[in-house]
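Worksheet: the structure to be examined is printed underneath.
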Amino acid sequence: MKSFEYARPETEAEAVEFLGTNAGQTVVLAGGTDLVSLMKAELVTPSRVVDLKRIPSLREVTRIDGGVQIGSLATLSDLAQHPLLGGYRSLFDVIDGVRAIQIQGSGTIGGDLCHLPNCWYFRGGYGLLAMDKGVSLPEVGDNRYHAILGNSGPAKFVNASRFAPALIAWGAKVRVISKVDGQKSLSHNSQSSTPNLHEEWLPLEYFYISPKTNAQGNTVLKPGQLISHVWLPDAGNMTSATYEVLQTEGLDWPLASAGVCVDVEGGLVRQARIVMGHVAPTPWLANDAARLLIGQSLNDDTAGMVADAAVSQATPLSMNDYKVQLARTAVKRALLKSVGKLEM
Amino acid sequence: MAERKVGWEPQGQHTLVGKEIQRLDGPVKASGQAKYANDTNPPGTLFAKLLTSPHAHAKLVMLNLDKAKAVKGVKAVIAMAEVGQEVRYEGWPIVAIAAERPEYAEDGLRAIEIKFEVLSHFVDEADLKGAEAADVTDAGEKVKLTKSLGTQKKGDVETALKEAKHVHKGFYGVNTITHMCLEPHGSHAAWDGDKLNVALSTQNVSGTAGQYVKPLGIDEASVSIKCDFIGGGFGSKFAVDEWDVACAKLAKETGKPVRLLLNRATEMQIAGNRPSAFAEVTVACDAEGKITAWDSHHWGTNGPKGGTVALTVTPYVFDPPNRTRTATGIITNCGPDRAWRAPNHPQACAYSQTAIDDLAAKAGMDSLSFFQKNLSLTNVPHIYGPELEIAAKLMDWKTKWHPRGQGGGNGPVKRGIGLALHTWGGGPHQSNVTIKVHPDGSVEVMMGSQDIGTGTRTCIAQVAADTFGLPLNAVKVSIGSNKFPKAGPSGGSTTIGGVTGPTRRTAQQALWKICDLAAAKYNVDGTSLSAKDGKLWSGDKEVCTWKQAASLVGPMALELQGGPVTEDEKLTDKQVGGVQMAEVAVDTETGVVRMVKMVAVQDIGLIVNRLLARSQVYGALIMGIAYSLVEERIMDNKTGRFINANLVDYKLPRIGDIGDLVVEFYEPEDQYKRGVIGLGEPPVIAPGAAISNAVANAIGVRVPVLPLTPKRVLDALKGARV
Numbered sequence: 001m002k003s004f005e006y007a008r009p010e011t012e013a014e015a016v017e018f019l020g021t022n023a024g025q026t027v028v029l030a031g032g033t034d035l036v037s038l039m040k041a042e043l044v045t046p047s048r049v050v051d052l053k054r055i056p057s058l059r060e061v062t063r064i065d066g067g068v069q070i071g072s073l074a075t076l077s078d079l080a081q082h083p084l085l086g087g088y089r090s091l092f093d094v095i096d097g098v099r100a101i102q103i104q105g106s107g108t109i110g111g112d113l114c115h116l117p118n119c120w121y122f123r124g125g126y127g128l129l130a131m132d133k134g135v136s137l138p139e140v141g142d143n144r145y146h147a148i149l150g151n152s153g154p155a156k157f158v159n160a161s162r163f164a165p166a167l168i169a170w171g172a173k174v175r176v177i178s179k180v181d182g183q184k185s186l187s188h189n190s191q192s193s194t195p196n197l198h199e200e201w202l203p204l205e206y207f208y209i210s211p212k213t214n215a216q217g218n219t220v221l222k223p224g225q226l227i228s229h230v231w232l233p234d235a236g237n238m239t240s241a242t243y244e245v246l247q248t249e250g251l252d253w254p255l256a257s258a259g260v261c262v263d264v265e266g267g268l269v270r271q272a273r274i275v276m277g278h279v280a281p282t283p284w285l286a287n288d289a290a291r292l293l294i295g296q297s298l299n300d301d302t303a304g305m306v307a308d309a310a311v312s313q314a315t316p317l318s319m320n321d322y323k324v325q326l327a328r329t330a331v332k333r334a335l336l337k338s339v340g341k342l343e344m
Numbered sequence: 001m002a003e004r005k006v007g008w009e010p011q012g013q014h015t016l017v018g019k020e021i022q023r024l025d026g027p028v029k030a031s032g033q034a035k036y037a038n039d040t041n042p043p044g045t046l047f048a049k050l051l052t053s054p055h056a057h058a059k060l061v062m063l064n065l066d067k068a069k070a071v072k073g074v075k076a077v078i079a080m081a082e083v084g085q086e087v088r089y090e091g092w093p094i095v096a097i098a099a100e101r102p103e104y105a106e107d108g109l110r111a112i113e114i115k116f117e118v119l120s121h122f123v124d125e126a127d128l129k130g131a132e133a134a135d136v137t138d139a140g141e142k143v144k145l146t147k148s149l150g151t152q153k154k155g156d157v158e159t160a161l162k163e164a165k166h167v168h169k170g171f172y173g174v175n176t177i178t179h180m181c182l183e184p185h186g187s188h189a190a191w192d193g194d195k196l197n198v199a200l201s202t203q204n205v206s207g208t209a210g211q212y213v214k215p216l217g218i219d220e221a222s223v224s225i226k227c228d229f230i231g232g233g234f235g236s237k238f239a240v241d242e243w244d245v246a247c248a249k250l251a252k253e254t255g256k257p258v259r260l261l262l263n264r265a266t267e268m269q270i271a272g273n274r275p276s277a278f279a280e281v282t283v284a285c286d287a288e289g290k291i292t293a294w295d296s297h298h299w300g301t302n303g304p305k306g307g308t309v310a311l312t313v314t315p316y317v318f319d320p321p322n323r324t325r326t327a328t329g330i331i332t333n334c335g336p337d338r339a340w341r342a343p344n345h346p347q348a349c350a351y352s353q354t355a356i357d358d359l360a361a362k363a364g365m366d367s368l369s370f371f372q373k374n375l376s377l378t379n380v381p382h383i384y385g386p387e388l389e390i391a392a393k394l395m396d397w398k399t400k401w402h403p404r405g406q407g408g409g410n411g412p413v414k415r416g417i418g419l420a421l422h423t424w425g426g427g428p429h430q431s432n433v434t435i436k437v438h439p440d441g442s443v444e445v446m447m448g449s450q451d452i453g454t455g456t457r458t459c460i461a462q463v464a465a466d467t468f469g470l471p472l473n474a475v476k477v478s479i480g481s482n483k484f485p486k487a488g489p490s491g492g493s494t495t496i497g498g499v500t501g502p503t504r505r506t507a508q509q510a511l512w513k514i515c516d517l518a519a520a521k522y523n524v525d526g527t528s529l530s531a532k533d534g535k536l537w538s539g540d541k542e543v544c545t546w547k548q549a550a551s552l553v554g555p556m557a558l559e560l561q562g563g564p565v566t567e568d569e570k571l572t573d574k575q576v577g578g579v580q581m582a583e584v585a586v587d588t589e590t591g592v593v594r595m596v597k598m599v600a601v602q603d604i605g606l607i608v609n610r611l612l613a614r615s616q617v618y619g620a621l622i623m624g625i626a627y628s629l630v631e632e633r634i635m636d637n638k639t640g641r642f643i644n645a646n647l648v649d650y651k652l653p654r655i656g657d658i659g660d661l662v663v664e665f666y667e668p669e670d671q672y673k674r675g676v677i678g679l680g681e682p683p684v685i686a687p688g689a690a691i692s693n694a695v696a697n698a699i700g701v702r703v704p705v706l707p708l709t710p711k712r713v714l715d716a717l718k719g720a721r722v
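Sequences listed follow chains A and B, in order.
So in the working numbering, the last one in the first sequence is 344, and the numbering has no gaps at all.
So in the working numbering, the last one in the second sequence is 722, and the numbering has no gaps at all.
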């Protein structure tokens, strides 16, 4: 690990001040479950690490604006125990799937959302796009864990976030903060409640990008920005579930996953949102497939039909055809689970 | 007058031997007080790190260490490779740096100026045709990557195949796995004048000092090896490695102690692995289900040497009258292999007994009946026979058996059962012992041995205390130093017999001397005396306490040395069988295989410690489940790198993946009378075939290559549908 400066802000404003705006120079430290490994491997070599753990507002879970606001530093264990989150079953499915209590105890929701891809070429030092002398390594090499959707561009990795599918299905937004004069805003609806602090709310589904260059990263975050909070709308009548296909019962990355939310009234689906994870460089929204459910009753047959539709556009690489079946199964089982009809 | 004879008491008459006794060093291990080589870090120690090759095959064209030497905190830098030399796998050590802090050593590594000329590589161990066609040069010469390891023929396979009722042809395989010792390879070296003191993570306490002689120009008597505890070896830690020599050299050069332990990636890349094996098999049987012919060609890699599984264990356990076997080794730019728990056997079992199970399915027979029918082709049918009966009962085989893929149920999860047999030697290694009986009655046993999981300390203490009629805590056992009497390395399941045999004989001899002293003093017949409950007895009559008897040795301890066991002493034996049955639940929509239950029935002669013996089998089953379901080295053909050389992508099972483990020892009196036999290896052999057979039984399709990942299971199901 290379030497670095360590900063420990106590307010959000201090945090963005410390963060500066030099690309690649400064990183934020949340739970550290992945960042420390990346720094040891010298894949991330910051000159400054900004530790967010001493900022109380970043760990709070509060009811706000017709929903629940979760601090990005809330750990998985914090969330699992929080009374305000009882209605969001799909989040608990994710926390449960992590299995390892060490990660549940120190890993944070913000850290998960910003988790860099697990692509072994990226982790082996070939950059986010894993190009070697003009050749895409995932395309010609071992792509058993790579993308089956949205993989026609240079990015072949899969988004690593485990919460993103569930949160996007819930219509979650993220609060991105930066120094007032530090960055141009991500969109036009930005505001500022604290002097020095620029904040804006962004639907999570617009947070991720499939990069064209290594320097772009896999999110819209620019140097000097960080996610401070996640906001979820009230659960209302919606029920939800996440289904992750896990090879082992231990700490393991899902081979494919799906987060779903459905609103069923009188036995018929009124609304449905389906988001697949670990299948594409970004969480993959299956809106067209979800629409097929509207007005239907949710059962084995309809769930299977929708799952088929969700993966119908899949373009597997040379070794990951099997993931199409896994993604299909994840969607089908998440849907059935969300209405208590998954029998295994 | 009782005859004095070296040997064990009749079955059921030992007080400590054969009992369930917890590991004496369990508490210090569990509480972190046990000091491993990796924990050796006295003040003043320098930290060493290696620069290793990022390339699978390259020529070193430039190496300049000057800038590295000038880095703050760096105390010594030594080259482990020369300019002009070729490196033949990723992880090949090139430079070692010792520094005051680990970070300084890393700064030093970054300051090294180095250039490679990258050369072509080949790492696809399953691809025999690719290896034959590969265009790879070594030292400028084009090299052939395949090496014939021979063909052996017996009988007339061609005619037997013609006459057979059922013939099955299939492809099978087992990927390379690594040892994954939690404590990586490495050492702490400290010089004391001309003497070298090493804390080494080793399975070979008595045999490693001599390995420093040549590379360091030191005499063996000046080398002290210490290894009180080892965090996993599995066959990979017999040698003083080049990085251990580098560690000692760095210590010499700096005049300070140095510790050098491989990091996890390097550990996985270069510190040993189990060779892969892939096989094309033809196997046939007659109308009764008797195997009549076997014809196989297997290939695989053990790295740069170009070997694979030995011919001699093919087909595994069953030896049909007509048999042809061929093997081809592939030279790859992968790290070199090392002995892995039961070398050759797990792979051979996995590609043989899956093929035999497929033949049983083709013949429409219950796997158990089919295996039973062919026991006469094995070396120990009299052991497998009863073991199969016991295992079948514990698995409830009759109830659970169904023809392949016909287990019923509407859901996607299908259940199945399978079985496999194994065999192993496990005879004793050559070990010496010193036993001291002090005048105060305390007892010491010393051996230059080690504990790789056997429970060496505990078992030695049990045998000595049992022999002297003392409680376990009356005996102090010292192992883990080459200054103790020379003991064999812990490999081949040789340790338990190797250490308990000499301990038993020598303790008996010490007891007899003490009995003679007591006999003279108390005027009884020495040969009538026995030791029990801390006393000496003549028949039912108490003669004296152990302390009183021990005091008769005079002012200094009675000290006896004992050499290795001999066959005619009948303290130990070799050659075991062993039967395993697996039950799995396979999710046919995800390809995920879950273990439901495993049954292991094992013969091991006389059991020294029932608790530890069962633990050995649990460990073996878990390791077997690991390589059957999740564990594999993944080499990237494009980059030539071991791309999952970390503990996330190199998957290992957790407790939730293990299922119910049932261990039963087969121990009728005739087995007990054979004496002590090693156990470490045999139970790790059969899981691959047993689990693969259970999966085939569940889903109706053979998943040919281990581990049985979701990808392989779904690909096999898809292939069957096409």
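No residue lacks a Cβ here, since even glycine has one placed at the ideal position from N, Cα and C.
{"Check": "Listed by chain order, chain B residues near A:G124 by CB distance under 8 angstroms", "Outcome": "T639, R641, I643"}
{"Check": "Cβ neighbours of B:I390 in the same chain (closer than 7 angstroms, five flanking residues each side left out)", "Outcome": "V601, E664, Y666"}
{"Check": "Chain C contacts made by the segment 21 to 54 of chain A, where a contact means CB separation under 8 angstroms", "Outcome": "Among the protein chains of the structure shown, namely A and B, there is no chain C."}
{"Check": "Contact test: B:A361 Cβ vs the ligand PLP heavy atom, cutoff 7 angstroms", "Outcome": "Of ligands this structure carries none, so the ligand PLP is not represented either."}
{"Check": "Contact under 8 angstroms by Cβ, B:L472 with B:L16", "Outcome": "yes"}
{"Check": "Pair within 8 angstroms by beta-carbon distance, B:Y650 and B:Q11", "Outcome": "no"}
{"Check": "Neighbour flag for A:D252 against chain B, beta carbons, 8 angstroms", "Outcome": "yes"}
{"Check": "Inter-stretch contact (C-beta, 8 angstroms, three-pair minimum) for the segment 524 to 531 of chain B and the segment 450 to 463 of chain B", "Outcome": "no"}
{"Check": "Under 9 angstroms (Cβ pairs) to chain B, residues found in the segment 136 to 149 of chain A", "Outcome": "L137, V140, G141, D142, R144, Y145"}
{"Check": "Between the CA atoms of A:K323 and A:S185 - distance to the nearest angstrom", "Outcome": "With a pLDDT of 49 at A:S185, under the threshold of 50, the modelled position of this residue cannot be trusted, and the question is left open."}
{"Check": "Enclosing beta strand (DSSP E) for A:L29 [first to last residue]", "Outcome": "26 to 29"}
{"Check": "Proximity test, Cβ basis, 8 angstroms: B:R610 and chain A", "Outcome": "no"}
{"Check": "A:G111 versus B:P687 - alpha carbon distance", "Outcome": "39 angstroms"}
{"Check": "Near-chain A residues of the segment 684 to 699 of chain B - C-beta to any C-beta below 7 angstroms", "Outcome": "none"}
{"Check": "Buried versus exposed, by CB contacts within 10 Å (16 or more), A:E200", "Outcome": "buried"}
{"Check": "C-alpha gap between B:G18 and B:E3, whole angstroms", "Outcome": "23 angstroms"}
{"Check": "Proximity test, Cβ basis, 8 angstroms: A:H188 and chain B", "Outcome": "With a pLDDT of 46 at A:H188, under the threshold of 50, the modelled position of that residue is not reliable, and the figure given next carries that caveat. So no, A:H188 is outside the interface."}
{"Check": "Sub-8 angstroms separation of B:A105 and B:A48 beta-carbons", "Outcome": "yes"}
{"Check": "DSSP state of B:S481 mapped onto helix, strand, coil", "Outcome": "strand"}
{"Check": "is_contact[B:I634, chain A] using C-beta, thresh 8 angstroms", "Outcome": "yes"}
{"Check": "Contact set between A:V61 and chain B, taken where Cβ atoms lie within less than 8 angstroms", "Outcome": "The contacting residues do not exist; A:V61 stays about 29 angstroms from chain B at best."}
{"Check": "Reference B:Q269; option with closest CA among B:I177, B:G426, B:V313, B:T500", "Outcome": "B:I177"}
{"Check": "B:H345 - DSSP class collapsed to helix/strand/coil", "Outcome": "helix"}
{"Check": "Where the beta strand (DSSP E) containing B:Q269 begins and where it ends", "Outcome": "Careful: B:Q269 lies outside any beta strand (DSSP E), inside the alpha helix (DSSP H) at 264 to 270."}
{"Check": "Contact under 8 angstroms by Cβ, B:Q33 with B:L60", "Outcome": "no"}
{"Check": "Cβ-based neighbour list, B:A246, same chain, cut-off 7 angstroms, excluding 5 preceding and 5 following", "Outcome": "I78, M80, A96, L260"}
{"Check": "Identified DSSP bridge partners for B:N322", "Outcome": "B:A293"}
{"Check": "Interface residues of chain A facing B:L260 [CB-CB closer than 7 angstroms]", "Outcome": "Per Cβ cutoff of 7 angstroms: no residues; B:L260 is ~18 angstroms from chain A at best."}
{"Check": "Residue-level contact to chain A via CB, B:P710, 8 angstroms cutoff", "Outcome": "yes"}
{"Check": "Proximal residues, the segment 240 to 271 of chain A versus chain B, C-beta separation under 9 angstroms", "Outcome": "V245, L246, Q247, T248, E249, G250, L251, D252, W253, L255, A256"}
{"Check": "Coarse secondary structure for B:L652, derived from DSSP in three states", "Outcome": "coil"}
{"Check": "Partners in chain B for A:D132, counting only beta-carbon separations shorter than 8 angstroms", "Outcome": "K638, T639"}
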